[in-house]
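Engineer: Protein chains in written order, with this note's numbering: chain R, 345 to 560; chain V, 0 to 247.
Note that the Cβ used here is the ideal one computed from N, Cα and C, for glycine as well.
Given the structure is predicted, the values throughout are model-derived calculations rather than measurements.
The structure under discussion is supplied below as structure tokens; questions concerning it will follow.
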Amino acid sequence: MDFTYIMQVTKALMEGFGATLWLFVLVLVLSIPIGFLMTLILRCKIAPLRWLVNVYVYVLRGTPLLLQLMVVYFGINLAFSDYFHIKRETAAALAFVLNYSAYFAEIFRGGLLAIDKGQYEACKVLGMSKLQTNIHVIIPQMFRVAMPSVTNEAITLVKDTALLYAVSVPEILHYAKATVVRDSDMTAFVVAGVIYLIMNTVFTLLFTKIEKKMAY
Amino acid sequence: MAFIQVEELKKSYGSLEVLKNVNFTVEKGDVIAIIGSSGSGKSTLLRCLIELETINGGTVKIGDDYLIKDGQYPTPAELKRVTSKMGMVFQNFNLFPHKTVGENLILPTMLVKKTDKDTAMQNCRLLLKKVGLEDKIDVYPKYLSGGQQQRVAIARALMQNPEILLFDEPTSALDPQLTGEVLGVMRNLAAERMTMLVVTHEMSFARDVATKVLFMHGGEIVEAGTPEQIFNNPQNEKTKQFLAAAVR
């Protein structure tokens, strides 16, 4: 195993790095607010809306992400082939955002459940409205409680981006597989593993820093 | 006419009657100690007065306003106006853990009374000084002892400028050596003629500071009187039993 080969392979795999990073950032940025919104809906007074979110979370948490990805890409393109065609990247982003927002909804719901009812009572006897209570007291604590689980999800997300392989979006694993087959040499898999590890190390450090900043 | 009048107050959870027929009056500046064993309804009584529990029947009049009249609540706005005359201190302090001591004090007044920040801060420093914690203004609650946290909670309740303060077992979550500093603050408030209703297991506080003691048993006030009457010459069998066990 010589160094120039490793460098060459790394360079090839880095062509897929962009797709991986793009999906990661997009999914995180979209699914956290959507998940949070769903948590708020779960607490609203309109029952049908709550049922809708519950069913949504139930289905998306209860079926494999890979299946969801295939349904969104192949399924939609088959069903609506006469009208439009979803691009692979769009389908992948859509499936990931749908799936991850369901998880984030559950994480934030757990965060809310962890907050002592004494906090609500204190706000009430101090005369604060429900909205003021939620904005100033409950939600900031919810994010703090949920942060370790959010970090955990982010790390899972880095690894899940490899599922893009299934819909042939050229990302890290795609190039690794091609290189391995071409050269009959598994170095590319090892390099791919190292790239994922480095990404997760960076993100873990970043999220730990955010967690520390949010600590009180 | 009494400052607080409670008549035939009833509260039940389903078929379980936790407050059966509670009657008492409080004068301005009174310190009422509510004593009794666990499950006698003393905390529930306090929580009913500040609308943390719904009352099922009876009349509560505070000043000239009705919190509830013959089992009928007023409009939500009126109810809020009546309860805003009261502050409450909890067993578990219930400070906001993500806010500093200073923020704990100024946030509610700024939100509820729309006090500007400078005025709120001024008041905040004054009250923290009163409870002996002016140097803790920028500290987060978790760095304080239980006794200090409870003193902050008292200061936070005072920020709203209440006419009546309710204390729900304010020293029950504290180590014995920390109860003194909290009771000290409460003694000072009593000396300033703050009207207080205190659910407590601190018999010495009830004996020394209270102007009136209510003994509760089974959801009723079975005996009420001055501390001398209750502690030195209890009439009811249940009171005698309770005190024999409590004051050893």
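I'd like the span of the beta strand (DSSP E) that includes serine 375(R), first residue to last.
Structural biologist: Per DSSP, serine 375(R) belongs to no beta strand (DSSP E); it is in the alpha helix (DSSP H), 347-386.
Engineer: Output the distance between the C-alpha atoms of proline 96(V) and isoleucine 482(R), rounded to the nearest integer angstrom.
Structural biologist: So the alpha carbons of these two residues sit roughly 11 Å apart.
Engineer: Going by DSSP, what residues sit across from leucine 15(V) in a beta bridge?
Structural biologist: DSSP, once it has assigned bridges, lists Tyr12(V) as partnering leucine 15(V).
Engineer: Quick one: is glycine 455(R) near chain V, going by C-beta distance under 7 Å?
Structural biologist: No, because no Cβ of chain V sits closer than 7 Å to the Cβ of glycine 455(R).
Engineer: Provide the residue(s) that pair with alanine 216(V) in DSSP beta bridges, ordered along the chain.
Structural biologist: Here residue 216(V) turns out to be histidine, not alanine, going by the sequence shown. Beta-bridge pairing links histidine 216(V) to Glu219(V).
Engineer: From the DSSP output, in three-state form, read off leucine 132(V) for me.
Structural biologist: Leucine 132(V) falls in the coil class under three-state DSSP.
Engineer: Starting from the beta carbon of serine 83(V), find every residue of chain R whose beta carbon is closer than 8 Å, and list them in chain order.
Structural biologist: Residues of chain R passing the Cβ test: Gly471.
Engineer: Below 7 Å on C-beta distance, what does lysine 468(R) contact in chain V?
Structural biologist: Simply Leu51.
Engineer: Strictly by DSSP, which residues pair up with phenylalanine 166(V)?
Structural biologist: In the DSSP output, where bridge partners are listed per residue, phenylalanine 166(V) has Val88(V) and Val197(V).
Engineer: Below 8 Å CB to CB, which residues in the same chain sit around valine 451(R) once its five sequence neighbours on both sides are set aside?
Structural biologist: It is isoleucine, not valine, that sits at residue 451(R) in the sequence shown. Contacts found: Gly379, Ala490, Ser493, Val494 and Glu497.
Engineer: Once the 5 residues before and after valine 353(R) are set aside, which same chain residues still bring their CB inside 7 Å of it?
Structural biologist: Here the set comprises Thr523, Thr531, Ala532 and Val535.
Engineer: What number of angstroms, rounded off, separates the C-alpha of glycine 362(R) from the C-alpha of leucine 404(R)?
Structural biologist: Cα to Cα, glycine 362(R) sits roughly 27 Å from leucine 404(R).
Engineer: Measure the beta-carbon distance from leucine 165(V) to methionine 87(V) and round it to whole angstroms, keeping in mind my assumption that it falls under 8 Å.
Structural biologist: Contact flag correct, Cβ pair sits at about 4 Å.
Engineer: For chain R, check one thing: does any of its Cβ atoms lie closer than 7 Å to the Cβ of histidine 97(V)?
Structural biologist: Yes - at least one Cβ of chain R is within 7 Å of the one on histidine 97(V).
Engineer: So that I know if they touch, is there some Cβ in chain V lying closer than 7 Å to that of valine 481(R)?
Structural biologist: Output row for valine 481(R): interface = yes.
Engineer: Taking only three categories from DSSP, how would you classify valine 208(V)?
Structural biologist: Valine 208(V) falls in the coil class under three-state DSSP.
Engineer: By DSSP, does glutamate 6(V) sit in helix, in strand, or in coil?
Structural biologist: Correct three-state label for glutamate 6(V): strand.
Engineer: Could you tell me the alpha carbon to alpha carbon distance between isoleucine 350(R) and alanine 506(R), rounded to whole angstroms?
Structural biologist: The straight-line gap from Cα to Cα measures roughly 21 Å.
Engineer: Going by C-alpha to C-alpha distance, which of Pro75(V), Phe204(V), Lys79(V) and Pro175(V) sits closest to glutamate 227(V)?
Structural biologist: Considering only alpha carbons, the answer is Phe204(V).
Engineer: Taking CB distances under 7 Å as the criterion, tell me whether asparagine 231(V) reaches chain R.
Structural biologist: With 7 Å as the cut-off, asparagine 231(V) does not count as an interface residue toward chain R.
Engineer: From proline 392(R) to tyrosine 400(R), what distance separates their C-alpha atoms?
Structural biologist: Their backbone Cα atoms lie some 12 Å apart in a straight line.
Engineer: So is tyrosine 349(R) in contact with chain V if we call contact Cβ pairs under 7 Å?
Structural biologist: Chain V, which has no Cβ nearer than 7 Å to the Cβ of tyrosine 349(R), makes this no.
Engineer: Please check the pair leucine 196(V) and isoleucine 31(V), which I expect to be a contact at CB under 8 Å, by giving their CB distance rounded to whole angstroms.
Structural biologist: With 8 Å as the limit, leucine 196(V) and isoleucine 31(V) qualify as a contact, their Cβ atoms being about 5 Å apart.
Engineer: Please say whether methionine 486(R) and glycine 455(R) have beta carbons closer to each other than 7 Å?
Structural biologist: Closer than 7 Å, so yes.
Engineer: Around the C-beta of serine 473(R), are 16 or more other C-beta atoms found within 10 angstroms, so that it is buried, or is it exposed?
Structural biologist: Exposed: under 16 other Cβ atoms inside 10 Å.
Engineer: In chain R, which residues lie less than 8 Å from lysine 79(V) when you measure between Cβ atoms?
Structural biologist: Under the 8 Å cutoff, chain R gives Gly471.
Engineer: So is glutamate 465(R) in contact with chain C if we call contact Cβ pairs under 7 Å?
Structural biologist: As a matter of chain content, chain C is missing from the structure shown, whose protein chains are R and V.
Engineer: Please decide whether leucine 110(V) counts as near chain R, where near means a Cβ-Cβ distance under 7 Å.
Structural biologist: By this cut-off, leucine 110(V) is an interface position.
Engineer: Cβ atoms of arginine 192(V) and glycine 28(V): under 7 Å apart, would you say?
Structural biologist: A contact, by the Cβ cut-off of 7 Å.
Engineer: Would you tell me roughly how many angstroms separate the C-alpha atoms of proline 233(V) and glycine 179(V), rounded to the nearest one?
Structural biologist: Whole-angstrom Cα-Cα distance: 27 Å.
Engineer: For a test of the three-state rule: what should DSSP assign to glutamine 278(V), helix, strand or coil?
Structural biologist: For chain V, the structure presents residues 0 to 247; residue 278(V) sits outside this window and is missing.
Engineer: Going residue by residue through the region 93-155 of chain V, where are the continuous beta strand (DSSP E) segments of at least 3 residues, counting only ones entirely within it?
Structural biologist: List check, beta strand (DSSP E) in window: nothing returned.
Engineer: Going by DSSP, which residues form a beta bridge with threonine 58(V)?
Structural biologist: DSSP lists Glu6(V) as partners of threonine 58(V).
Engineer: Mind listing the chain R neighbours of leucine 106(V)? Cutoff is C-beta to C-beta under 7 Å, in chain order.
Structural biologist: Within chain R, the residues near leucine 106(V) are His480.
Engineer: Count the other CB atoms within 10 Å of the CB of aspartate 167(V); is the residue buried (16 or more) or exposed (fewer)?
Structural biologist: Buried, by the Cβ-count rule.
Engineer: Since proline 484(R) meets chain V, which of its residues come closer than 7 Å, beta carbon to beta carbon?
Structural biologist: Per Cβ cutoff of 7 Å: His97.
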